[in-house]
Amino acid sequence: MNNLVPSVSKIGNDVLHTETEPTFNGWDIPDEVALELIDIFFSKIQPILPIMHRPLFYDRFTQLEEQTRRLVSRRESSQDAAFMIEGIFALTARFSKAAIFHNSLVLDRGQVFANKAAAIKDDIIKTIEEPTLDFVKGCTILAFYYVVSGRLTAGSLLTSVCVRFAYDLGLDKVDEDQSLDDRTYGGEEAGYSDAWLRREELRRLWWSIWDLDTFVATLSRQPYAIERGGMKVLLPVSDQQWFSGVPIRSSLLEGEPLNLWRSLQGSPNRNPRAWYLVSNYLMSCIAVAGRKQPRISAVKKLELESALCCLKLALPASFQLRSLYLDDQTSVDGNWIISTHLMIIA
Numbered sequence: 001m002n003n004l005v006p007s008v009s010k011i012g013n014d015v016l017h018t019e020t021e022p023t024f025n026g027w028d029i030p031d032e033v034a035l036e037l038i039d040i041f042f043s044k045i046q047p048i049l050p051i052m053h054r055p056l057f058y059d060r061f062t063q064l065e066e067q068t069r070r071l072v073s074r075r076e077s078s079q080d081a082a083f084m085i086e087g088i089f090a091l092t093a094r095f096s097k098a099a100i101f102h103n104s105l106v107l108d109r110g111q112v113f114a115n116k117a118a119a120i121k122d123d124i125i126k127t128i129e130e131p132t133l134d135f136v137k138g139c140t141i142l143a144f145y146y147v148v149s150g151r152l153t154a155g156s157l158l159t160s161v162c163v164r165f166a167y168d169l170g171l172d173k174v175d176e177d178q179s180l181d182d183r184t185y186g187g188e189e190a191g192y193s194d195a196w197l198r199r200e201e202l203r204r205l206w207w208s209i210w211d212l213d214t215f216v217a218t219l220s221r222q223p224y225a226i227e228r229g230g231m232k233v234l235l236p237v238s239d240q241q242w243f244s245g246v247p248i249r250s251s252l253l254e255g256e257p258l259n260l261w262r263s264l265q266g267s268p269n270r271n272p273r274a275w276y277l278v279s280n281y282l283m284s285c286i287a288v289a290g291r292k293q294p295r296i297s298a299v300k301k302l303e304l305e306s307a308l309c310c311l312k313l314a315l316p317a318s319f320q321l322r323s324l325y326l327d328d329q330t331s332v333d334g335n336w337i338i339s340t341h342l343m344i345i346a
């Protein structure tokens, strides 16, 4: 890597111009742009790929110098962290208003960062033994980038890598030691905020990988890499609750379709994304049944239809579309509510 960041950087087939010489940080983009892309991640990407704890991320990866906050330099970051951050840049570059991107096509802006992330990933995989969380997060972010960029094959292949490493880390059994209390779990951590924060991070990473696997496999009509059922992972709580560091109890996803509607009954967890994951799980069960040969029996079909009806009736009052209002404060929850309804009527 060059010792100086040039004032003109070539990205893809376009030349990105900067008016002033940027401060060297090792990321090949000016400090203010690097921090802007991180900020964009938490405003645009985190709501749909909620795997980063915002306060902890900023504490770890940003520094305050002369009353100006900046992203840590590349040389201060591990290979795994650099891989993850380049993936973040890839996902968020399209939303940037920075002058260096003005001569690039919006949808192509992230490609240079994705290429750098992929190169780092390939180097790490050559010698990897046990993956770090940063590395698995990086794989998840890059797979998500490929999928939203229309590169389904690349996204599917990398998602399978994410699944393998998720099992290696035991993410599918994060909460197998939790005790049941009125159908909710997590009481053991009530007095241990740090332990709860850490475990919630693992849960979120698992569910994001599960969601990616479900999406790419359903779209391509391929078998799911993650088996339906058998997961001992609590459904995720909201970002607001996670960021606040105050533990809240949640529930496991019921594995049997007819019992899915009970997954969040009586749970303090009101996160709309948790309901979305329940509905997505049921639709994946229906997709599996639809692929079987010979055709599913009338009894099984009736069971799945009943499961769908029960889930729809079990949705909380806040899911009523007639009373749904979207603005900057409610758009995240509102989008998960709408997505849940789309799953049910699909």
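Read in order, the letters of the sequence shown correspond to residues 1 to 346 in UniProt numbering.
Here a beta-carbon is modelled for each residue, glycine too, at the ideal position from N, C-alpha and C.
With T153 as the anchor, note down where its alpha helix (DSSP H) starts and where it stops. Here residue 153 refers to the residue found at position 153 when the sequence shown is read from its first residue. Element bounds for T153: 152–168.
Can you tell me the Cα-Cα spacing of A119 and T62, whole angstroms? Your numbering for residue 119 matches position 119 in the sequence shown. Your numbering for residue 62 matches position 62 in the sequence shown. Going by the C-alpha atoms only, they are around 24 Å apart.
Just checking, does the stretch 67–87 make contact with the stretch 248–263 on the three C-beta pairs under 8 Å criterion? With the cut-off at 8 Å, the stretch 67–87 and the stretch 248–263 do not touch.
Cut-off 6 Å between Cβ atoms - residues of its own chain near I286, not counting five sequence neighbours on either side: Taking the sequence shown and counting its residues from 1, the one referred to as residue 286 is at position 286. Cβ neighbours of I286 beyond the five flanking positions: L304.
If I measure Cβ to Cβ from A158 and keep anything under 7 Å in the same chain, skipping five residues before and after, which residues do I get? One-based indexing of the sequence shown puts residue 158 at position 158. Residue identity differs from the one stated: residue 158 is Leu in this sequence, not Ala. Correct list, in chain order: C139, L142, A143, Y146.
Going by other Cβ atoms of all chains shown within 10 Å of its Cβ, with 16 needed for buried, is Q222 buried or exposed? Working through the sequence shown from its first residue, we reach residue 222 at position 222. Flag for Q222 reads exposed.
Give the single residue among C309, I338, A314 whose Cα lies nearest to the Cα of A323. Reading the sequence shown from its first residue, position 323 is the one you call residue 323. The identity of residue 323 in the sequence shown is Ser, whereas the question assumes Ala. The residue with the shortest Cα to Cα distance from S323 is I338.
Since E32 is in the alpha helix (DSSP H), which residue starts that stretch and which ends it? Working through the sequence shown from its first residue, we reach residue 32 at position 32. In this chain, the alpha helix (DSSP H) harbouring E32 covers 31–40.
Taking L92 as the reference, which of I40, A117, I128, Q111 has the closest Cα? Against the sequence shown, residue 92 aligns to sequence position 92. Per the sequence shown, the amino acid found at residue 92 is Thr instead of Leu. The residue among I40, A117, I128, Q111 with its C-alpha nearest the C-alpha of T92 is I40.
Taking L321 as the reference, give the member of L253, S78, H341 with the closest Cα. If you number the sequence shown from 1, residue 321 lands on position 321. Nearest option by C-alpha distance: H341.
Collapsed DSSP secondary structure at R109 in the structure displayed: Taking the sequence shown and counting its residues from 1, one reaches residue 109 at position 109. R109 carries a coil assignment under DSSP once its states are collapsed to helix, strand and coil.
8 Å contact criterion, which V278 and L264 should meet: CB distance rounded: As a working mapping, residue 278 is identified with position 278 in the sequence shown. As a working mapping, residue 264 is identified with position 264 in the sequence shown. Rounded, the Cβ-Cβ distance is 7 Å, consistent with contact.
Just to confirm the assignment, what range does the alpha helix (DSSP H) spanning L342 have? What you label residue 342 is simply residue 342 of the sequence shown in a count that begins at 1. Taken as a continuous stretch (DSSP letters only), the alpha helix (DSSP H) holding L342 covers 331–345.
So the candidates are V233, R291, F243; which of them puts its Cα closest to the Cα of A274? Translated into the one-based positions of the sequence shown, residue 274 becomes position 274. Comparing Cα positions, the closest option is V233.
Look at the alpha carbon of A99 and the alpha carbon of I29, and state the distance between them as a whole number of angstroms. Translated into the one-based positions of the sequence shown, residue 99 becomes position 99. Translated into the one-based positions of the sequence shown, residue 29 becomes position 29. Straight-line Cα distance between these residues: approximately 11 Å.
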